[in-house]
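Residue numbers for the sequence shown, in the working numbering: 64 to 393.
Positions of the beta carbon are idealized from the N, C-alpha and C atoms, including for glycine.
Source: prediction; values computed, not measured.
Heads up, the thing below is written out as structure tokens.
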Amino acid sequence: MISICVLGAGRIGQIHARNVAAHPKARLVGVTDVSADAAASLAQATGAKVFASNEAVIADSSVGAVLICTPTDTHADLIELAVKAGKAVFCEKPVDLSAARVRQCLDVVTTAGGKLMIGFNRRFDPNFHALKQRLLEGEIGAPEIVSIISKDPSPPPVSYIARSGGIFRDMMIHDLDLARYLLGEEPVEVSAMAAALVDPAIGTAGDFDSAVVNLKTASGKLCQISNSRRATFGYDQRIEVHGALGMLRAHNVPLTTVEKAGSHGFTTEPALPFFLERYAAAYRTEIDTFIESVLAGSVLYPTGIDGLKALELADAATESAKSGKTVRLG
64 MISICVLGAG RIGQIHARNV AAHPKARLVG VTDVSADAAA SLAQATGAKV
114 FASNEAVIAD SSVGAVLICT PTDTHADLIE LAVKAGKAVF CEKPVDLSAA
164 RVRQCLDVVT TAGGKLMIGF NRRFDPNFHA LKQRLLEGEI GAPEIVSIIS
214 KDPSPPPVSY IARSGGIFRD MMIHDLDLAR YLLGEEPVEV SAMAAALVDP
264 AIGTAGDFDS AVVNLKTASG KLCQISNSRR ATFGYDQRIE VHGALGMLRA
314 HNVPLTTVEK AGSHGFTTEP ALPFFLERYA AAYRTEIDTF IESVLAGSVL
364 YPTGIDGLKA LELADAATES AKSGKTVRLG
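Put into structure tokens, the structure is as follows:
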């Protein structure tokens with residue numbers, strides 16, 4: 064049994080806290096948030112207590128692990144404090160918006176002998192995981208082209224855009240991690256194009272709401288990623304991997320599998336509305352994996368290096384989109 068605290072009681076903190084509370088080998092002992100009301104509400108819903116601060120959690124020797132679900136600009140500092148205190152750490156992506164700061168943080172983790180897992184939940188989606196396993200089993204031979212489509216149903220407020228780090232670091236970073244996961248090789252070339260087609264205010268804020276990225280590995284494997292902040296038919300999440308012997312594809316998950324047929328043809332339900340619903344199973348498996356790995360003393364995965372690599376690709380995509388040139392990674 065491991066005692067866990069969740070730092071941050073926002074949307075993702077609520078999801079993780081409930082999943083910890085439901086796990087038979089974990090005990091959710093506390094939550095924190097800058098909003099006293101949010102912390103109190105989550106504590107009441109999960110049977111946990113409210114800690115006065117993140118620092119109070121880290122100072123408590125009875126807490127074995129922390130889940131960091133606070134704003135991005137707090138992640139690196141909290142990771143460092145927690146690993147120095149001997150706690151296992153799960154941290155939502157990204158560790159920081161600065162790759163240099165991430166490297167500095169990972170050095171601290173290594174020096175402290177800390178345990179750190181990064182929240183790339185899509186690796187734990189049952190559909191994507193099954194696709195990866197069949198890929199590893201050689202069903203389609205070596206992958207040649209990976210295609211990843213990810214579209215949000217609607218754009219976030221411009222106030223969020225201004226502090227998000229941009230579409231590549233905020234939204235596409237999940238897809239960039241999936242690209243590495245599925246290709247099995249590190250991309251060495253990044254080419255990006257982007258525009259503000261959904262909301263002109265996003266462009267005024269200096270960001271994009273529509274983006275396409277091409278990646279190439281040293282052996283020539285290719286990946287195409289397309290993102291949009293608008294999809295009228297739900298949360299669009301699709302993957303296709305083409306190989307020498309065939310293709311593997313993961314479709315959208317609809318509200319129900321019911322179809323209607325008539326003279327007009329076949330109609331189906333829309334895709335699930337957003338990430339909380341679409342990746343509910345992935346979030347459960349992700350936290351289950353964290354807990355089981357900590358208790359077993361095994362390596363936590365995805366690692367801090369996975370977080371850094373995805374951020375470096377996001378940085379390269381940002382540079383390419385602004386310069387119009389392909390960026391080559393060392």
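Cα-Cα separation between residue i and residue j, rounded to whole angstroms
i: Pro336; j: His327; result: 25 Å
i: Ser282; j: Tyr364; result: 25 Å
i: Val120; j: Ala128; result: 10 Å
i: Gly204; j: Ala307; result: 5 Å
i: Ile354; j: Ala345; result: 14 Å
i: Gly362; j: Gly182; result: Residue identity check: residue 362 is Val in the sequence provided, not Gly. About 14 Å.
i: Ala268; j: Leu179; result: 33 Å
i: Ser222; j: Asn184; result: 25 Å
i: Leu245; j: Thr352; result: 19 Å
i: Arg226; j: Ala264; result: 14 Å
i: Ser356; j: Ser386; result: 42 Å
i: Thr109; j: Ala115; result: 17 Å
i: Arg171; j: Leu318; result: Residue identity differs from the one stated: residue 171 is Val in this sequence, not Arg. Cα to Cα, the separation comes out at about 44 Å.
Residues sharing a beta bridge with residue i, DSSP
i: Gln167; result: The partner list for Gln167 (beta bridge, DSSP) is empty, contrary to what the question assumes.
i: Ala145; result: Paired residue(s): none; Ala145 is not in a bridge.
i: Phe329; result: Ala324
i: Phe153; result: Leu130, Met180
i: Glu303; result: Ser210, Arg312
i: Leu70; result: Thr95, Ile131
i: Ile65; result: Ala89
i: Ser289; result: Ile212, Val275
i: Thr280; result: Pro250
i: Arg391; result: Glu252
i: Lys112; result: Gly93
i: Pro336; result: None; Pro336 has no bridge partner.
Burial state of residue i (16 or more Cβ within 10 Å)
i: Tyr342; result: buried
i: Leu91; result: buried
i: Gln107; result: exposed
i: Ser125; result: exposed
i: Met64; result: exposed
i: Val316; result: buried
i: Asp238; result: buried
i: Pro218; result: buried
i: Pro189; result: exposed
i: Thr320; result: exposed
i: Phe338; result: buried
Member of the options whose CA lies at the smallest distance from the CA of residue i
i: Leu376; options: Leu160, Thr352, Ala84; result: Leu160
i: Glu303; options: Lys195, Val357, Gly360; result: Lys195
i: Gly76; options: Ala102, Ser66, Ala89; result: Ala102
i: Ser210; options: Ile236, Leu241, Ala193; result: Leu241
i: Asp215; options: Leu318, Asp299, Ala384, Glu340; result: Asp299
i: Ser213; options: Gly325, Thr348, Val276; result: Val276
i: Met234; options: Tyr244, Ser289, Arg391; result: Ser289
i: Arg293; options: Leu339, Asp262, Leu311; result: Asp262
i: Thr348; options: Ala225, Phe187, Ala139; result: Phe187
i: Lys156; options: His138, Gly149, Phe271; result: His138
i: Thr232; options: Gly73, Ala89, Thr135; result: In the sequence under discussion, the amino acid at residue 232 is Arg, which differs from the Thr named in the question. Minimum Cα distance to Arg232 is reached at Thr135.
i: His314; options: Phe191, Leu339, Ala122; result: Phe191
i: Glu332; options: Thr389, Glu322, Gln167; result: Glu322
i: Gly177; options: Gly360, Ser383, Lys388, Asp369; result: Gly360
i: Val390; options: Thr280, Thr173, Ser104; result: Thr280
Contact check, residue i vs residue j, beta carbons under 9 Å
i: Ala111; j: Val94; result: yes
i: Val158; j: Leu144; result: no
i: Thr381; j: Ala258; result: no
i: Ala324; j: Phe296; result: no
i: His86; j: Leu130; result: no
i: Arg197; j: Leu374; result: no
i: Cys286; j: Ile224; result: no
i: Asp272; j: Ser291; result: yes
i: Leu371; j: Ala379; result: no
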